[in-house]
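Below is one structure, written out as structure tokens, with a few remarks after it.
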Amino acid sequence: MKKTSDFRIIVLGAAAGGGLPQWNCGCLNCSMARDPASGLEPQSQSSLAVSLDGEVWAVLNASPDIRQQILHNRALQPRRLRHSPIESVVLTSGDIDHLAGLLVLREKQAFILYSTGTVGRIIADNPAFQVLDPEIVSRRTVAIEEAFAPLSGLEARLFAVPGKVPLFLEDGEPELGVEGEHTVGLELTADGRRVYYIPGCAMVNEALAQRLSGADALFFDGTVFHNDEMVATGTGNKTGRRMGHMPIAGEGGSLDALGDLDIRRKIYVHINNTNPIWRAGAERERVEGRGFEVGFDGMEVRL
Ligand code: MLT
Ligand code: MN
Ligand code: ZN
1 MKKTSDFRII VLGAAAGGGL PQWNCGCLNC SMARDPASGL EPQSQSSLAV
51 SLDGEVWAVL NASPDIRQQI LHNRALQPRR LRHSPIESVV LTSGDIDHLA
101 GLLVLREKQA FILYSTGTVG RIIADNPAFQ VLDPEIVSRR TVAIEEAFAP
151 LSGLEARLFA VPGKVPLFLE DGEPELGVEG EHTVGLELTA DGRRVYYIPG
201 CAMVNEALAQ RLSGADALFF DGTVFHNDEM VATGTGNKTG RRMGHMPIAG
251 EGGSLDALGD LDIRRKIYVH INNTNPIWRA GAERERVEGR GFEVGFDGME
301 VRL
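For the sequence shown, the tail end lands on 303 under full-length UniProt numbering, and the numbers increase by one without skipping.
Next up, the structure:
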């Protein structure tokens, strides 16, 4: 199809929940990110922005850091008195790192909020989100695989990927790898170009691999490099898989699952502060050697 628009995607926040550095963490990466001489820049929490004309934007997940993300991205700033180029917000889960920014977007500014019914109910059930006046912020529920348009000319679909319920809804041991409305990927198409955003994914099955084949860009779950990374760094006792995130390396990891697929740009996002790919070293070389890029705040992809 003829290219008529300028498909732009900005990584607003490349880090996973907690960010880099995380407020209460003194791990190697977090300590480096606090030291301007280390070369490791701080990174904010999980979000992308997309536009076809540079004027109006859809924000993909509302990170707790959205205030700072808008401050650092001219494209998202008001063009006149009481204005925002942000036309819509699309959610891929009900996790805090994807929801909490909605509270920052109060102040009587109109936008459209898209989510699955399940994620929409988490918002509806929490009275704090009533600060987003439903008369001004319109909440739209979209079904899995239903086409919608977060921006004019941009076709979007939410699709189920293996995942789990948000941490705050866990009641005992959650079921892992379930496909439903709690954890979804987002497919974006415009002028024959196809982009995927999947910040949380427990497993790449055959159907998902087929779907992603031929994509122009994929922004994918890079939470942990090693499944047991948090245990090994002494920062926690959960594995990546227990958190609903497949590791990058190892059996069933995303390097092997996605490395040979025909995808033009493969970019890791939602990268946890413990992940060694943040810094130069063998792990980063392995990722880049397989054709993946490490996302960072302010990274822009133009298609
Ligand atoms: C996740 O991606 O697993 C969640 O954001 C974790 C959390 O809520 O802290
Ligand atoms: Mn997260
Ligand atoms: Zn840390």
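No residue lacks a Cβ here, since even glycine has one placed at the ideal position from N, Cα and C.
Note that the structure is predicted; figures quoted are calculated from it, not measured.
Roughly how many angstroms separate the alpha carbons of C27 and L81, rounded to a whole number? 43 Å
If you scan the region 103 to 166 from start to end, which runs of the beta strand (DSSP E) of 3 or more residues do you find wholly inside it? 111 to 115, 137 to 141, 148 to 151 and 154 to 160
Identify whether A190 lies in helix, strand or coil by the three-state DSSP scheme. strand
For the ligand ZN, is there a heavy atom less than 7 Å away from the beta-carbon of P42? no
Buried/exposed call for I136, threshold 16 Cβ in 10 Å: exposed
Alpha-carbon spacing of G185 relative to S31, whole angstroms: 32 Å
Would you mind listing the beta strand (DSSP E) stretches within the region 210 to 256 that are 3+ residues and don't spill past its ends, in chain order? 217 to 221
Measuring straight from C-alpha to C-alpha, what distance separates D260 and L105? 40 Å
Specify the secondary structure class of V287 as computed by DSSP and reduced to three states. helix
Tell me, to the nearest whole angstrom, how far the beta carbon of N275 is from that of V195; I am working on the premise that it is less than 8 Å. Not a contact, Cβ separation roughly 23 Å.
When you measure from the CB of T141 to every non-hydrogen atom of the ligand NAD, does any distance come out below 7 Å? With respect to the ligand NAD, the structure shown offers nothing to examine, as its ligands consist of the ligand MLT, the ligand MN and the ligand ZN.
Bridge-paired residues (DSSP) for Q45: A15
Looking at the unbroken alpha helix (DSSP H) that takes in A33, where does it start and where does it end? L28 to A33
Among D221, S88, F220 and M243, whose alpha-carbon lies nearest the alpha-carbon of V231? M243
8 Å contact criterion, which A49 and L12 should meet: CB distance rounded: 5 Å
Quick test of your reading: D97 and A16, contact by CB under 8 Å. State the CB separation rounded to the nearest angstrom. 7 Å
Closer than 5 Å between the C-beta and any heavy atom of the ligand MLT: which residues qualify, listed along the chain? G17, D95, I96, D97, L167 and M243
Proximity to I122 [Cα-Cα], best of A100, Y268, A257 and G177: A100
Could you name the residues that DSSP lists as bridge partners for E170? Paired residues: none, contrary to the question.
By a C-beta neighbour count over all protein chains shown, 10 Å radius and 16 as the cutoff for buried, is T235 buried or exposed? buried
Tell me whether P21, by its Cβ, gets closer than 7 Å to a heavy atom of the ligand ZN. yes
Is W278 helix, strand or coil when you go by DSSP? helix
Please check the pair L176 and S88, which I expect to be a contact at CB under 8 Å, by giving their CB distance rounded to whole angstroms. Wrong, their Cβ atoms sit about 31 Å apart, outside the cutoff.
Residues that E293 bridges to, as DSSP identifies them: I267
Using CA coordinates, which residue listed in S44, H83, P162 and V294 is at the minimum distance from E55? H83
Grab the span of the alpha helix (DSSP H) containing R67 for me, first residue to last. I66 to H72
Mind checking F168: buried by the 16 CB within 10 Å criterion, or exposed? exposed
Keeping to the same chain, check which residues put their C-beta closer than 7 Å to that of L20; ignore five residues upstream and five downstream. N29, C30, A33, P42, Q43, N273 and W278
Measuring only the C-alpha atoms, how far is E155 from S38? 41 Å
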